[in-house]
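The block underneath contains the structure these notes are about, expressed in structure tokens.
In my numbering, the protein residues as written are 67 to 258.
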């Protein structure tokens, strides 16, 4: 059953694999009173479609490093030449209010969270193919060619780490993937 204290679901995979979409779909299935997500902090500038406090909290590199020194983050990483971090305060707020947390993390963040919260369930999301992944990243139209190349090389390395996760799902069809993910989550929550 939901609302068990300190349940945490980590969704990870390459950039463009559909992590954020899956998290949004799962959140809509359970509703905000039972499940919540975390809004990470980042030092990168917002993309055109992003709004402060929705996708990320956007801060300068100096602000991020200041918060890091104050132990504000449960985990933080440096990826694609920017910092990303998860607030301890947000985690505790969800758990104190009885919500399960679901959040997409890059691989570094997923590893760091598992070390701090070993009860976390970690699910790796594979793209249908590397070609489809490249199309998804390219179609965002907010990534420069250099950025796409970096993300594709990173994706190949990340996929090599998938076997270290509790579960792996190929995201070829979003509704099918959501259904399979929901079954995994229900099993996890029953054991919590």
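Glycine included, every Cβ here is placed at the ideal spot set by N, Cα and C.
#### Entry: Endpoints, beta strand (DSSP E) assigned at residue 236
Annotation for residue 236: the continuous beta strand (DSSP E) segment containing it runs 233-236.
### Message
Is the beta carbon of residue 193 closer than 8 Å to that of residue 83?
### Response
For residue 83 and residue 193, yes; Cβs fall inside 8 Å.
### Query
Tell me, which residues are paired with residue 192 by DSSP?
In DSSP, residue 192 forms a bridge with 236.
### Task
Could you tell me the boundaries of the alpha helix (DSSP H) in which residue 96 lies?
Here the alpha helix (DSSP H) through residue 96 covers 85-96.
### Query
Pairing CB atoms from the stretch 84-91 with CB atoms from the stretch 243-253, are three or more of them under 8 Å?
Two segments are said to touch when three or more pairs of C-beta atoms, one from each, lie closer than 8 Å; by this definition the stretch 84-91 touches the stretch 243-253.
### Task
State the start and end residues of the unbroken alpha helix (DSSP H) segment that holds residue 130.
Residues 127-135.
### Query
When you compare only the Cα positions, how much space is there between residue 197 and residue 162?
When the Cα atoms are used, residue 197 and residue 162 turn out to be separated by approximately 43 Å.
### Message
Out of 73, 152, 111, which one is the CA nearest neighbour of residue 137?
### Response
When the alpha-carbon of residue 137 is set against those of 73, 152, 111, the nearest one is in 152.
### Message
Going by beta-carbon coordinates alone, are residue 187 and residue 230 separated by less than 8 Å?
### Response
Judged by beta-carbon spacing, residue 230 lies beyond the 8 Å limit of residue 187, meaning their Cβ atoms are not closer than that value.
### Message
Short of 6 Å in beta carbon distance, which residues of its chain neighbour residue 170, apart from the five on each side in sequence? Order them along the chain.
### Response
Sequence-distant Cβ neighbours of residue 170 in its own chain, meaning closer than 6 Å and more than five residues away, are 77, 85, 86, 89.
### Task
Please report the residue range of the alpha helix (DSSP H) in which residue 53 lies.
Outside the displayed span of the chain (67 to 258) sits residue 53, for which this structure offers no information.
### Message
What does the alpha-carbon distance come out to for the pair residue 200 and residue 238?
### Response
Take the alpha-carbon of residue 200 and the one of residue 238: they are about 14 Å apart.
### Message
By the DSSP assignment, the beta strand (DSSP E) with residue 141 in it spans what residues?
### Response
Element bounds for residue 141: 139-145.
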